[in-house]
Amino acid sequence: MLMGFTDRSASNRWFKISIAKILEPVVPPGEVFYFLTASGNIFLFACNRDKEVMAVDLMAKTVKKVPPSPLGPRGTSSWRRSGMKLVPCGPPGSGRFRFLFAELVEDRPTLFVYDSETDDWKRMEAEETEGRSRSRGEGLDGRIFLHLVNGPGSNVIISCGSESLSPLVLRPGFSGGGNQGREPNGRLGWDYSANLIHVYGDGHMMIVKSSDGDAARKRTRFLERIEIWGSSEDGRNWEFVSEIPRNLVGQIEKPYGVLMGCLEERGGIIRACLVSNWEGAWDMIWLSYDKARGHWAYVPIPDSKMTGSNLAGISFSTGLNL
Numbered sequence: 001m002l003m004g005f006t007d008r009s010a011s012n013r014w015f016k017i018s019i020a021k022i023l024e025p026v027v028p029p030g031e032v033f034y035f036l037t038a039s040g041n042i043f044l045f046a047c048n049r050d051k052e053v054m055a056v057d058l059m060a061k062t063v064k065k066v067p068p069s070p071l072g073p074r075g076t077s078s079w080r081r082s083g084m085k086l087v088p089c090g091p092p093g094s095g096r097f098r099f100l101f102a103e104l105v106e107d108r109p110t111l112f113v114y115d116s117e118t119d120d121w122k123r124m125e126a127e128e129t130e131g132r133s134r135s136r137g138e139g140l141d142g143r144i145f146l147h148l149v150n151g152p153g154s155n156v157i158i159s160c161g162s163e164s165l166s167p168l169v170l171r172p173g174f175s176g177g178g179n180q181g182r183e184p185n186g187r188l189g190w191d192y193s194a195n196l197i198h199v200y201g202d203g204h205m206m207i208v209k210s211s212d213g214d215a216a217r218k219r220t221r222f223l224e225r226i227e228i229w230g231s232s233e234d235g236r237n238w239e240f241v242s243e244i245p246r247n248l249v250g251q252i253e254k255p256y257g258v259l260m261g262c263l264e265e266r267g268g269i270i271r272a273c274l275v276s277n278w279e280g281a282w283d284m285i286w287l288s289y290d291k292a293r294g295h296w297a298y299v300p301i302p303d304s305k306m307t308g309s310n311l312a313g314i315s316f317s318t319g320l321n322l
């Protein structure tokens, strides 16, 4: 069962979309799915047992097996949400798409691209940008960003064009740029402890700082502050974008035990969904930031009624016909 919510409807309710009948002809009974990514009406799933990828077209009610990539069959734990992208192509309603993901192959950042029209894969080693001459006006606007390595000491992103591809390696750090002393090390305690969560996507990074609950609730945490950082134009630095206003923190401050999220940037709007679990109950926080206006917004999401259920993945999908 797919569950969806849109911020463009006055109904303020969840939509439930059954996909069991669509998958039935090609999926053996008992298979467990992991939701990878989506765009428009196309949804990609990874099979846990058979290690296959399935593309479901919700409007056409069809399912297509994606052939294994040049790396061979991949387990569900091999996929990183911030390191993949589904790109619709062809006329609207054609069902055509390209699926891109980034991987290190012999320590070399490599781009893999599947085209549904030709039903085959391309493999391209990304070009390092360090020391590479850049033409006048050559920036990263309009490119696709696939996050490959995420860490406090090392960040590797593959950037490519939506048509010509031409993958480049970006290695943003905190050693320069226009941060004006806002490096997160001292202020947020830059590490990968349970109290600091990093959510990556589309050349941006959201840092979520939490605080521990009281002694009686040892495994409880509360959101404390949230920042957004973005890759610089040349891809060599992380640059501070904005911090969430304190009044919004008060609206989303709820206890949680486990937290994860997804992030996308489209048309100058950064959207993030933070998913938390507390004693079996799921809660979702939808935040957006308009870079041009410098404006944060919180989209209230009703209770999903999924207490005790397994959550097999989450993604944004612009253009979905609910």
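Numbering (the working numbering), first residue to last: 1 to 322.
All residues carry an ideal CB built from backbone N, CA and C; glycine is no exception.
Would you mind stating whether S69 and W121 have Cβ atoms separated by less than 7 Å?
yes
So the beta strand (DSSP E) G72 belongs to, where does it begin and stop?
No beta strand (DSSP E) contains G72, which DSSP labels as neither H nor E.
Considering only residues of the same chain and omitting the five flanking positions on each side of G189, which have a CB-CB separation below 6 Å?
Bear in mind that the predicted position of G189 carries a pLDDT of just 47, short of 50, making it unreliable; the figure below should be weighed with that in mind. Hits under 6 Å: none found.
Distance, A55 Cα to D234 Cα:
34 Å
Straight-line Cα distance separating V63 from L323:
Because the chain spans 1 through 322 in this model, residue 323 falls outside it and cannot be assessed.
Can I314 be considered in contact with the ligand ATP, in the sense that its beta carbon sits closer than 6 Å to one or more heavy atoms?
Only the bare structure without any ligand can be found here, which leaves the ligand ATP out of the picture.
Taking just the CA atoms, how far does K254 sit from R134?
Low confidence applies here, because R134 scores a pLDDT of 46, under 50, leaving its location unreliable; read the following figure in that light. Between R134 and K254, the C-alpha separation is close to 46 Å.
Classify A20: buried if its beta carbon has 16 or more other beta carbons within 10 angstroms, exposed otherwise.
exposed
Beta strand (DSSP E) runs contained entirely in the segment 73-114, provided each spans 3 or more residues:
84-88, 97-105
How many angstroms separate the CA atom of G328 from the CA atom of G280?
As shown, the chain starts at 1 and ends at 322. That puts residue 328 outside it, with no answer to give.
Take the Cβ of G261 as the centre, count every other Cβ of all protein chains shown within 10 Å, and call the residue buried at 16 or more, exposed below.
buried
Let's test the definition: count the other Cβ atoms within 10 Å of the Cβ of E128 and tell me whether it reaches 16, buried, or not, exposed.
exposed
If contacts are defined as beta-carbon pairs under 8 Å, then F97 and I42 qualify, I think. What distance do you get, rounded to the angstrom?
The Cβ separation is near 5 Å, so the contact holds.
Distance, I157 Cα to G203 Cα:
8 Å
Spatial distance of E224 from P67 (CA atoms):
Distance between E224 and P67, taken at the CA atoms: about 44 Å.
Rounded to whole angstroms, what is the Cα-Cα separation between E264 and V26?
31 Å
Own chain residues within Cβ distance below 8 Å of S221, not counting five before or after:
Reading the sequence as shown, one finds Arg at residue 221 and not Ser. Around R221: A194, N195, S210, S211, D212, G213, P255, Y256, G257, L259.
Around the Cβ of L36, are there at least 16 other Cβ atoms within 10 angstroms (buried) or fewer (exposed)?
Classification for L36: buried.
Can you give me the start and stop residues for the alpha helix (DSSP H) that I22 sits inside?
For I22, the enclosing alpha helix (DSSP H) stretches over residues 20-23.
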